[in-house]
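A.B. asks: Sharing a structure here in structure tokens format.
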Amino acid sequence: MKNTLSSLSKQEYEQYSYRISKSLFSTKEWQEAAVVGVTVSIAPEVDTWQVIREAWNQKKTVAVPKCLPDEKRLQFHTLTSFLELETVYYGLFEPNPERTEKMDPADIDLLLVPGLAFMNNGYRLGFGGGYYDRFLKLYKKQTASLAFSSQIVSQLPVESHDIPVQKIITEERIIECDSI
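Okay, here's the thing in structure tokens:
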């Protein structure tokens, strides 16, 4: 899957990310959310930098996760500027805890959940840490994932602890997930 994503041209990556963002902004979940939880993307993931900018433009609060490896959990922080980010392991961007405030996850209205591959029923293949699956067990509000169409697959290994997302937004369509 990583090879498939890496094969997108720069033009395709930019255009598809733009389409995905525009579709997200048209959803009821986005329009009603005052607080959006979102991971700061690195290529070849769908670009979330433009999602964060638009959230700020719409006066939404942006919450970004920091991985706490010792506790194997996510801690969300309010992000008001990209200058509040720091580069951590694997080149990921996370909130600098000295420059940002912690946020209660219960305040997040819409959580954008990252993943490597997705099925139409909302189950996803993450990046291997299990951080989001642990978080989603306790999070009970709206969830969606942003994905390129090439990330939608018919089969994935699903385990008992996996939690599906409610919606997947691609450059071609919005998938309302039914995990039954």
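Residue numbers (the working numbering): 830 to 1009.
We put the CB at the ideal spot given by N, CA and C, even for glycine.
#1: Alpha carbon to alpha carbon, what distance is there between LYS895 and PRO924?
#2: Between the C-alpha atoms of SER835 and PRO873, what's the straight-line distance to the nearest angstrom?
#3: CB-CB under 6 Å to ILE1009, same chain, minus the five flanking residues each way: which ones, in chain order?
#4: Tell whether a beta-carbon distance below 8 Å holds between LEU921 and TRP859.
#5: Under the DSSP definition of a beta bridge, which residues are partnered with PHE947?
#6: Between the Cα of TRP878 and the Cα atoms of PHE905, SER989, GLU843, which residue gives the shortest distance?
#7: Considering only their Cβ atoms, is the gap separating VAL917 from VAL891 smaller than 8 Å?
#8: Closest to SER870 by C-alpha separation, out of ARG1002, GLN887, LEU975, would be which residue?
#9: Select from LEU945, PHE964, SER910, SER983 the residue whose C-alpha is nearest the C-alpha of PRO934.
#10: Excluding the 5 residues flanking GLN984 on each side, which residues of the same chain have their C-beta closer than 8 Å to its C-beta?
#11: Going by DSSP in three states, LYS931 sits in which element: helix, strand or coil?
#12: Taking only runs of the beta strand (DSSP E) that begin and end inside the region 866-895, which ones reach a length of at least 3 residues, in chain order?
C.D. replies: Checking against the coordinates, here is how it stands:
#1: Looking up residue 924 in the sequence shown gives position 95. Looking up residue 895 in the sequence shown gives position 66. Distance between the alpha carbons of PRO924 and LYS895 is about 6 Å.
#2: Sequence index remark: in the sequence shown, residue 835 carries index 6 (1-based). Sequence index remark: in the sequence shown, residue 873 carries index 44 (1-based). Each residue's alpha carbon lies about 6 Å from the other.
#3: Mapped onto the sequence shown, residue 1009 falls at position 180. Confidence at ILE1009 is low in this model, with a pLDDT of 43, below 50, so its placement is unreliable and no value can be given for it.
#4: What you label residue 921 is simply residue 92 of the sequence shown in a count that begins at 1. What you label residue 859 is simply residue 30 of the sequence shown in a count that begins at 1. Cβ distance not < 8 Å, so LEU921 and TRP859 don't count as in contact.
#5: Locating residue 947 in the sequence shown gives position 118, where the first residue counts as 1. Answer is ARG953, ILE981, bridged to PHE947.
#6: Against the sequence shown, residue 878 aligns to sequence position 49. Of the listed residues, the one whose Cα sits closest to TRP878 is GLU843.
#7: Residue 891 sits at position 62 when you count from the first residue of the sequence shown. Residue 917 sits at position 88 when you count from the first residue of the sequence shown. Result no, Cβ atoms of VAL891 and VAL917 do not sit closer than 8 Å.
#8: For this step, residue 870 is matched to residue 41 along the sequence shown. Answer by Cα proximity: LEU975.
#9: For the purposes of this step, residue 934 is taken as residue 105 along the sequence shown, with counting starting at 1. PRO934 has its Cα closest to that of PHE964, out of LEU945, PHE964, SER910, SER983.
#10: Within the sequence shown, the letter at position 155 stands for residue 984. MET948.
#11: Counting from 1 along the sequence shown, the entry for residue 931 is found at position 102. DSSP places LYS931 in strand when its eight states are reduced to three.
#12: none
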